[in-house]
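Just below is one structure, and these are the notes that go with it.
Residue numbers (my numbering): 20 to 181.
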(Lines of atoms letter the chains of each structure in order from A; the text may use other names.)
(Lines give C-alpha, C1' and ligand atoms only; values in the text may rest on other atoms or scores of the structure.)
Protein backbone atom coordinates (compact mmCIF):
# COMPACT_ATOMS: atom_id res chain seq x y z
CA UNK A 20 0.00 0.00 0.00
CA UNK A 21 2.83 2.38 0.87
CA UNK A 22 4.42 1.77 -2.55
CA UNK A 23 1.19 2.77 -4.31
CA UNK A 24 0.91 6.01 -2.32
CA UNK A 25 4.55 6.85 -3.09
CA UNK A 26 3.84 6.25 -6.79
CA UNK A 27 0.82 8.58 -6.70
CA UNK A 28 2.77 11.27 -4.79
CA UNK A 29 5.55 11.08 -7.39
CA UNK A 30 3.05 11.39 -10.24
CA UNK A 31 1.49 14.43 -8.52
CA UNK A 32 4.90 16.12 -8.22
CA UNK A 33 5.93 15.27 -11.77
CA UNK A 34 2.66 16.65 -13.18
CA UNK A 35 2.76 19.78 -10.99
CA UNK A 36 6.35 20.53 -12.05
CA UNK A 37 5.64 19.82 -15.74
CA UNK A 38 8.25 17.09 -15.68
CA UNK A 39 10.85 19.52 -14.38
CA UNK A 40 11.42 20.90 -17.87
CA UNK A 41 13.01 24.32 -18.15
CA UNK A 42 10.78 27.06 -19.60
CA UNK A 43 12.57 27.21 -22.96
CA UNK A 44 12.27 23.44 -23.56
CA UNK A 45 8.63 23.43 -22.38
CA UNK A 46 7.74 26.28 -24.77
CA UNK A 47 9.37 24.40 -27.67
CA UNK A 48 7.32 21.31 -26.81
CA UNK A 49 4.08 23.33 -26.62
CA UNK A 50 4.72 24.95 -30.02
CA UNK A 51 5.27 21.51 -31.53
CA UNK A 52 1.82 20.32 -30.37
CA UNK A 53 -0.44 22.98 -31.90
CA UNK A 54 -0.09 21.82 -35.54
CA UNK A 55 -1.07 18.30 -34.44
CA UNK A 56 -4.34 19.60 -32.97
CA UNK A 57 -5.12 21.51 -36.15
CA UNK A 58 -4.86 18.45 -38.42
CA UNK A 59 -8.23 17.22 -39.61
CA UNK A 60 -9.05 13.71 -38.42
CA UNK A 61 -12.05 11.98 -39.95
CA UNK A 62 -12.50 9.47 -37.12
CA UNK A 63 -11.75 11.30 -33.88
CA UNK A 64 -11.68 14.84 -32.54
CA UNK A 65 -8.23 15.96 -31.26
CA UNK A 66 -8.57 17.31 -27.71
CA UNK A 67 -6.66 18.81 -24.80
CA UNK A 68 -7.20 17.87 -21.16
CA UNK A 69 -9.76 20.68 -20.72
CA UNK A 70 -11.95 19.11 -23.46
CA UNK A 71 -12.02 15.68 -21.82
CA UNK A 72 -14.51 14.58 -19.23
CA UNK A 73 -13.87 12.10 -16.46
CA UNK A 74 -14.40 8.57 -17.72
CA UNK A 75 -14.23 7.26 -21.28
CA UNK A 76 -13.93 9.93 -23.98
CA UNK A 77 -15.16 8.05 -27.05
CA UNK A 78 -14.56 9.63 -30.42
CA UNK A 79 -11.71 11.79 -29.11
CA UNK A 80 -7.95 11.59 -29.30
CA UNK A 81 -5.81 13.25 -26.62
CA UNK A 82 -2.60 14.74 -27.98
CA UNK A 83 0.32 15.57 -25.73
CA UNK A 84 4.08 15.52 -25.44
CA UNK A 85 6.02 13.52 -22.90
CA UNK A 86 7.63 15.75 -20.27
CA UNK A 87 8.52 13.16 -17.64
CA UNK A 88 8.64 9.49 -16.90
CA UNK A 89 8.27 7.64 -13.62
CA UNK A 90 10.15 4.39 -13.40
CA UNK A 91 8.20 1.66 -11.65
CA UNK A 92 9.92 -1.29 -9.97
CA UNK A 93 8.44 -3.99 -12.22
CA UNK A 94 7.89 -1.73 -15.22
CA UNK A 95 4.15 -2.22 -15.00
CA UNK A 96 2.57 0.14 -15.73
CA UNK A 97 4.69 2.40 -17.91
CA UNK A 98 4.04 5.73 -16.18
CA UNK A 99 4.59 9.11 -17.83
CA UNK A 100 3.42 12.69 -17.67
CA UNK A 101 2.23 14.43 -20.83
CA UNK A 102 1.62 18.12 -21.40
CA UNK A 103 -1.06 19.30 -23.84
CA UNK A 104 -0.92 22.39 -26.04
CA UNK A 105 -2.56 24.48 -23.29
CA UNK A 106 0.21 23.56 -20.81
CA UNK A 107 -1.94 21.22 -18.70
CA UNK A 108 -0.23 18.06 -17.47
CA UNK A 109 -1.77 14.62 -17.12
CA UNK A 110 -0.35 11.36 -15.86
CA UNK A 111 -0.53 8.44 -18.27
CA UNK A 112 -0.30 4.80 -17.22
CA UNK A 113 0.13 2.31 -20.04
CA UNK A 114 -0.42 -1.38 -19.39
CA UNK A 115 0.38 -4.42 -21.53
CA UNK A 116 3.69 -3.12 -22.85
CA UNK A 117 6.85 -5.18 -23.14
CA UNK A 118 9.00 -4.55 -20.05
CA UNK A 119 11.83 -2.93 -22.02
CA UNK A 120 9.53 -0.32 -23.61
CA UNK A 121 10.08 3.29 -22.69
CA UNK A 122 9.53 6.67 -24.27
CA UNK A 123 11.66 9.81 -24.51
CA UNK A 124 11.02 13.33 -23.26
CA UNK A 125 9.62 15.30 -26.19
CA UNK A 126 7.88 12.35 -27.85
CA UNK A 127 4.42 13.27 -29.10
CA UNK A 128 1.72 10.86 -28.02
CA UNK A 129 -1.84 10.51 -29.32
CA UNK A 130 -4.25 8.44 -27.22
CA UNK A 131 -7.50 7.30 -28.84
CA UNK A 132 -10.62 7.22 -26.66
CA UNK A 133 -8.79 8.32 -23.48
CA UNK A 134 -10.03 6.98 -20.13
CA UNK A 135 -9.57 9.91 -17.74
CA UNK A 136 -9.62 9.67 -13.94
CA UNK A 137 -9.04 12.22 -11.20
CA UNK A 138 -6.67 10.76 -8.60
CA UNK A 139 -7.06 12.53 -5.26
CA UNK A 140 -6.03 11.62 -1.71
CA UNK A 141 -6.32 14.73 0.44
CA UNK A 142 -4.46 13.31 3.44
CA UNK A 143 -1.47 12.27 1.28
CA UNK A 144 -1.06 15.32 -1.01
CA UNK A 145 -2.07 13.33 -4.07
CA UNK A 146 -3.99 15.23 -6.75
CA UNK A 147 -3.60 14.72 -10.49
CA UNK A 148 -5.47 13.67 -13.62
CA UNK A 149 -4.56 10.34 -15.16
CA UNK A 150 -5.26 8.63 -18.47
CA UNK A 151 -5.25 4.85 -18.26
CA UNK A 152 -4.27 2.97 -21.41
CA UNK A 153 -4.95 -0.77 -21.25
CA UNK A 154 -4.50 -1.33 -24.98
CA UNK A 155 -1.20 0.18 -26.19
CA UNK A 156 -2.30 -0.27 -29.79
CA UNK A 157 -4.50 2.78 -29.09
CA UNK A 158 -1.30 4.89 -28.95
CA UNK A 159 0.53 6.74 -31.66
CA UNK A 160 4.03 7.80 -30.64
CA UNK A 161 5.60 10.41 -32.90
CA UNK A 162 2.85 9.63 -35.41
CA UNK A 163 3.51 5.88 -35.51
CA UNK A 164 1.79 2.86 -34.01
CA UNK A 165 3.89 0.85 -31.60
CA UNK A 166 5.47 -2.22 -33.22
CA UNK A 167 4.30 -5.63 -32.03
CA UNK A 168 7.67 -6.13 -30.30
CA UNK A 169 6.73 -3.33 -27.86
CA UNK A 170 3.47 -5.00 -26.81
CA UNK A 171 3.31 -7.56 -24.03
CA UNK A 172 2.44 -10.98 -25.38
CA UNK A 173 -0.76 -12.58 -24.18
CA UNK A 174 -0.31 -15.77 -22.24
CA UNK A 175 -2.72 -18.45 -21.19
CA UNK A 176 -1.93 -21.22 -18.77
CA UNK A 177 -3.87 -24.35 -18.04
CA UNK A 178 -3.53 -26.84 -15.27
CA UNK A 179 -5.23 -30.12 -14.75
CA UNK A 180 -6.10 -31.83 -11.54
CA UNK A 181 -5.54 -35.51 -11.38
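Here a beta-carbon is modelled for each residue, glycine too, at the ideal position from N, C-alpha and C.
Between residue 150 and residue 81 the beta-carbon gap is near 6 Å, inside 8 Å, which marks them as a contact.
At the C-beta level, residue 86 and residue 43 stay beyond 8 Å of one another. Here the C-alpha atom of residue 135 lies approximately 12 Å from the C-alpha atom of residue 67.
The DSSP-derived three-state label of residue 136 is strand.
Short of 7 Å from the beta carbon of residue 133, and not among the five residues preceding or following it, lie these beta carbons of its own chain, in chain order: 71, 76, 79, 81 and 150.
Residue 39 and residue 169 have their C-alpha atoms roughly 27 Å apart.
Secondary structure of residue 44 (DSSP, three-state): helix. Residue 91 sits away from residue 99, with the two beta carbons spaced by 8 Å or more.
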